[in-house]
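For reference, the structure discussed in these notes is given below.
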Amino acid sequence: MKAIIVGPAYPLRGGIASFNESLCRSMARRGIQTEIISFSLQYPSFLFPGKTQYDEGPGPDDLHITTMLNSINPFSWRKVALAIKDRQPDVVIIRYWIPFMAPCLAYIARSARKFAKVIAIADNIIPHEKRIGDTLLTKHFVKAIDGFVVMSGSVVDELKSFTAKPTSYLPHPIYDVYGEKVTKKEAMERLGLKFDNKHLLFFGFIRKYKGLDLLLEAMGDHRIKTLNIKLLVAGEFYDDQDYYNELILKYGLSNNVILKAGYIPAADVRYYFCAADMIVQPYRSATQSGITQIAYNFERPMLVTNTGGLPEIVPDKKVGYVVKPFSDDIANAIIDFYQNEREEAFSLQTRTEKMRFTWDYFVQGLEKLALTL
């Protein structure tokens, strides 16, 4: 089988790019000739809230990545469509995560369907932060696709409102691209953290739907303040950072929150996860999350909210907690975790649970779907 993945990859940064690169490697390991066609321009600068879209580190030397797709230049879309036609793949895999990309990706999909099967890996069908026109754009994209892979039950349900086309539910595989696990002591030394403190981690870019404000309110609980817990916030602010700084002052957390504001380089990710006692995802909305899969890779307990597909990935009271997205519920789980010393037991369970999320299983599911189309 010969395949082309259309979506972000190096030098673009972020979870979707890392996913596509891991997928490409995993397909190659199964004997599938695979390459990635990535973006020369993913978002116009006025639509991107971060500092940069690009990874400044060295790129992967084991992957065939062609950078040629401009999301707002139709001439580029045609160029990509012709390049795919010239390569004559058996299957084209398109990443879909935001309706803004629908015109570009639908154009490429319609062209590719003339000679290949076209599968969309849909992170979201309905975006977390909705905008006018999202539904029309998503309908436009869905019509151009032969079949879908989704990574949570909630996206299965969303997709049903748009199409009855073949759909496979394949859980998000583990992110295994951030290096080997290190000891908590080594990780804390690397980050300059004090050994006599307990540490929770909120990781990833910060937007309203991620619920950092709920976690800060929970950290203000007087019971938590007596437990010598520090909240490590590591990620780039896509919201107004001043709003969160004000919450830190409001809840008296100046000595309880450690801010590492900015994009965390891939080489440093393992230190943040390995230094933490538990990873907290207090999301107001979610489909699936790459953060849970990094946590599984480093065998860290998790606290997530009962939104979207998160409860499917994190069994409650087994590898962590599933709570309602309210500050009191988050606080109660944190207190239970420390007072009952659950870190070791939860960590041991992650070793078993993470076996559900292998790349081989994901690629086999992709192959099976492609053969049925």
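Be aware that the sequence shown starts at 1, since it is given in my numbering, and climbs by one per residue.
Backbone N, C-alpha and C define an ideal beta-carbon position, used for all residues, glycine too.
Predicted, not measured: the structure shown is a model, and the values here were computed from it.
Inset, instruction - Within the same chain, show all residues whose beta-carbon is closer than 7 Å to that of S18, passing over the 5 residues directly before and after it, in chain order. - result: Y175, V177
Legend entry - Helix, strand or coil at H64 [DSSP, three-state]: coil
Legend entry - At least three beta-carbon pairs within less than 8 Å, the region 207 to 214 to the region 277 to 284: yes
Legend entry - Separation of I294 from S347, as counted between CA atoms: 13 Å
Legend entry - Assigned secondary structure, R95 (DSSP; H/G/I helix, E/B strand, else coil): strand
Inset, instruction - Could you tell me which residues DSSP pairs with L200 in its beta bridges? - result: L231, M278
Inset, instruction - Compare the C-alpha of V304 against each of G147, Y296, V155, I330 and name the closest. - result: I330
Legend entry - According to DSSP, residues forming a beta bridge with T305: V323
Legend entry - Short Cβ contact (8 Å threshold) for R95 with G7: yes
Inset, instruction - Give me the Cα-Cα distance between K250 and R113, rounded to the nearest whole angstrom. - result: 55 Å
Inset, instruction - Could you check how far apart the C-beta atoms of L41 and I72 are, in whole angstroms? I think they sit under 8 Å. - result: 7 Å
Legend entry - E375 classed as buried or exposed, judged by whether at least 16 other C-beta atoms fall within 10 angstroms: Beyond the ends of the chain as shown, which are 1 and 373, falls residue 375; an answer cannot be given.
Inset, instruction - Let me know the secondary structure DSSP gives T34 once reduced to three states. - result: strand
Inset, instruction - Pull up the distance between the alpha-carbon of V142 and that of A106, whole angstroms please. - result: 8 Å
Legend entry - In DSSP terms, what K2 is bridged to: Q33
Legend entry - Per-residue DSSP class, three states only, for Y169: strand
Legend entry - Proximity winner among I93, K354, M278, K85, relative to F115 (alpha-carbon distances): K85
Inset, instruction - Only counting runs of 4 or more residues, tell me where the alpha helix (DSSP H) segments fall wholly within the region 138 to 194, in order along the chain. - result: 153 to 160, 184 to 191
Inset, instruction - Using DSSP bridges, identify the partner residues of K130. - result: Beta-bridge pairing links K130 to no other residue.
Legend entry - Host alpha helix (DSSP H) of K250 (start-end): 241 to 250
Legend entry - Exposure label - E341; buried when at least 16 CB within 10 Å: exposed
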